[in-house]
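Chemist: Protein chains in written order, with the working numbering: chain W, 332 to 487; chain C, 82 to 275.
Built from N, CA and C at the ideal position, the CB exists for glycine as well.
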Amino acid sequence: MKNHLEEHEFTAAVAGLELEAATEEHLGSCVSCRRQVSAMRDVIDARLEDLEAETPDWERQRQEIMLQLPSMPATQPKRRHLWTRPLLAVAAVLVAAIGLRALWMPAPVADPGVTTELPVEQILAEVDAMLADDSIPGFELIDQGMDDAIFENGTS
Amino acid sequence: MDPSRTDLSQADDALVLRAQNGDHDAFGELVNRHQRRVWMVCRQYVGVGEADAAAQDSLVKAFTRIGDFDRRAAFSTWLTRIAINTCLDELRRRRREAIVDDDSEGDDEANLLNRVPDDDAGPEGRSMQKQAVALLAAQEKKLPPRQREIFRLRFYAEMELEEIATTLDVHVGTVKTQLHRAVHKLREELGAFR
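(1) Taking all protein chains shown into account, decide if W/I429 is buried (16 or more other Cβ within 10 angstroms of its Cβ) or exposed.
(2) Can you tell me which of the three DSSP states W/Q407 falls into?
(3) Can you pull the chain C neighbours of W/M397, defined as C-beta to C-beta under 7 Å?
(4) Is the beta carbon of C/T300 less than 9 Å from the beta carbon of C/E244?
(5) Excluding the five sequence neighbours on either side, which residues of its own chain have a C-beta within less than 6 Å of the C-beta of C/D294, listed in chain order?
(6) Can you say whether W/I454 is buried or exposed, counting buried as having 16 or more other CB atoms within 10 angstroms of its CB?
(7) Counting only the same chain and skipping the five closest in sequence on each side, list residues whose C-beta sits under 7 Å from that of C/A100.
(8) For C/A246, does the three-state DSSP call read helix, strand or coil?
(9) Here's a check: name, in chain order, each residue in its chain whose Cβ is nearer than 7 Å to the Cβ of C/A79, leaving out the five neighbours to either side.
(10) Residues of chain C with CB under 8 Å from W/H339, in chain order?
(11) Taking only beta-carbon positions, decide if C/Y237 is within less than 9 Å of chain W.
(12) Would you say C/V251 reaches chain W, if we count a Cβ-Cβ gap shorter than 9 Å as a contact?
(13) Name the two residues that bound the continuous alpha helix (DSSP H) containing W/L379.
(14) For C/V253, I'd like the list of residues in its chain whose CB is within less than 6 Å of its CB, leaving aside the five on either flank, ordered along the chain.
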């Protein structure tokens, strides 16, 4: 059997906080502890009664409030149509599906028979012209060096 | 939330829907249901002299802004928040108009609460309980502002702990701790009467 309540249990009981089962059980059976809790509650309740005595005439107050109301509230609730939610869900699924497809599908193989919009012939012609131009700095050195290395190793 | 409060909250929702469309009768019913609590909350913040005006102001504001109520909290919680904000605005206004210069007062809301007018000394009587009530009223005022606020919302506005937490935008554990401390201090002060 639990001993008398400790201070924190008294305060919890007075404040109406959740009590442990053992504390509840003790309160139910111990007149002394119950009296201490109820004594404090009685004082608080009596103070509430004092406050209640100061309350206004509720009906008069209600009437005065009603007279001050505008005809309509200044703000209207944000309306969300019934079809909005399912539509958003479908859109989300579609976006997710497209994203996953883009991630998992292999990149499309280019069809050589299909012409692209790139001016390939023009680009190739420009590259050939650049390679033929000996004045492009660095090309001669690189080429020479590579040739030397090939000869020294006896490979071709 | 206990079942009766849940039922009340659901019934409130139906009235709120009608009030949002400008139905004054529906709002009148909401006033009937909640005006006592709104007054009690205002009573704790601005004192008995201004409580009626603050409560009326809060309820008229509630109708004006009822379109903003999104049902994420109970209507009573939303309304209580409006009442507290209305009272804090009133306290700010009073401070701006105050002639008395008090350097010790800061700008935070906790200090604003210190300006809540003193309650009357309470009924003077010969009975022990009346003395205890007067002592309780006096000691309440000595509590730190947050503890006093939570104590009063709990016992005089009769709010649930979760509701107080939502209204004050604090964790429910904070409410429990502060309430615990408040009751403990008051119990100590009322020791002679217990």
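Modeler: Based on what the coordinates show:
(1) exposed
(2) Judged by DSSP in its simplified three-state form, W/Q407 adopts coil rather than helix or strand.
(3) H105, G109
(4) Since the first and last residues shown for chain C are 82 and 275, residue 300 of chain C lies out of range.
(5) Residue 294 of chain C is absent from the model: chain C starts at 82 and stops at 275.
(6) exposed
(7) A107, F108, L111, F144, I147
(8) helix
(9) Absent from the model: residue 79 of chain C. The displayed extent of chain C is 82 to 275, so no value can be given.
(10) H261, H265
(11) Output row for C/Y237: interface = yes.
(12) no
(13) Element bounds for W/L379: 362-383.
(14) Cβ within range, chain order: L242, E243, A246.
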